[in-house]
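*Asks:*
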Amino acid sequence: MTQNVNITDKFVVVGDRVLIKPKSLGERTKSGIYLPPGVQEKEKIQSGYIIKTGPGYPVGPPPESDEPWKERVSAAQYIPLQAKVGDLAIFIQNSSYEIEYEEERYIIVPNSAILLLIREDDDLDYYLK
């Protein structure tokens with residue numbers, strides 16, 4: 001019995017990092033010159049689609065309460081990230097780490113290196129009012 005398991009289901013992204021599948025860059029310039037892969041990889045800013053996100057920024061436990069009837073929270077708490085799966089992220093290349101897993105290329109980027117998120121399902125009219 002074979003199960004259809006996505007490769008990225010095995011990944012656990014830690015903290016405030018995101019896992020990005022790099023967007024394939026054009027191999028030619030506007031004037032028609034073909035660029036070698038080394039030139040494309042040296043760009044300062046890159047883009048790609050977010051595949052997975054970490055839980056966010058860890059937050060310390062709440063201060064001790066003088067109300068004994070309240071339940072204590074012992075699980076880790078996080079401030080969630082703004083990035084969501086499926087967003088197109090524009091990020092700084094110098095802060096990222098490239099990995100290769102089963103012949104697929106991925107990039108791990110800290111949330112602070114993301115400059116812009118493009119979300120297709122966002123209702124822009126709501127924000128422009």
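If you use our numbering, the sequence shown closes out at 129, no skipped numbers anywhere. Note that CB positions come from ideal geometry on N, CA and C, so glycine has one too. Every value quoted in this text rests on a predicted model; they were computed, and no experiment measured them.
1. Sort 86, 7, 63, 6 by Cα distance to residue 47 and report the nearest one.
2. If you scan the region 96-124 from start to end, which runs of the beta strand (DSSP E) of 3 or more residues do you find wholly inside it?
3. Quick check: the region 51-62 against the region 91-103, are there 3 or more CB pairs under 8 Å?
4. Are the beta-carbon atoms of residue 21 and residue 106 separated by less than 8 Å?
5. Which residue comes first and which comes last in the beta strand (DSSP E) that contains residue 17?
6. To the nearest whole angstrom, what separates the beta carbons of residue 114 and residue 89, a pair I think is in contact under 8 Å?
7. Do we get a CB-CB distance below 8 Å when we pair residue 46 with the residues of chain C?
8. Among 84, 111, 97, 98, which residue has its Cα nearest to the Cα of residue 118?
9. Whole angstroms is fine: what's the gap from residue 99's alpha carbon to residue 63's?
10. Check whether the Cβ atoms of residue 15 and residue 80 lie closer than 8 Å to each other.
11. Reducing DSSP to helix, strand and coil, say where residue 82 ends up.
12. How many whole angstroms separate the CB atoms of residue 7 and residue 97, which I take to be in contact at a CB cut-off of 8 Å?
13. From this set, 12, 13, 19, which residue's C-alpha is nearest residue 104's C-alpha?
*Replies:* On the basis of the data shown:
1. Residue 47 has its Cα closest to that of 86, out of 86, 7, 63, 6.
2. Counting only runs of 3 or more, we get 97-101, 104-110, 114-118.
3. Not touching, per the Cβ criterion.
4. Yes, these two residues count as a Cβ contact at 8 Å.
5. Note, residue 17: beta strand (DSSP E), 17-22.
6. Confirmed, Cβ separation roughly 5 Å.
7. The structure shown contains no chain C; it is built from a single protein chain.
8. Closest in alpha carbon position to residue 118, among 84, 111, 97, 98, is 84.
9. Cα-Cα distance, rounded: 39 Å.
10. For residue 15 and residue 80, no; Cβs fall outside 8 Å.
11. Here residue 82 sits in coil by DSSP.
12. In fact, because the Cβ distance is near 18 Å, the residues do not count as touching under 8 Å.
13. Considering only alpha carbons, the answer is 19.
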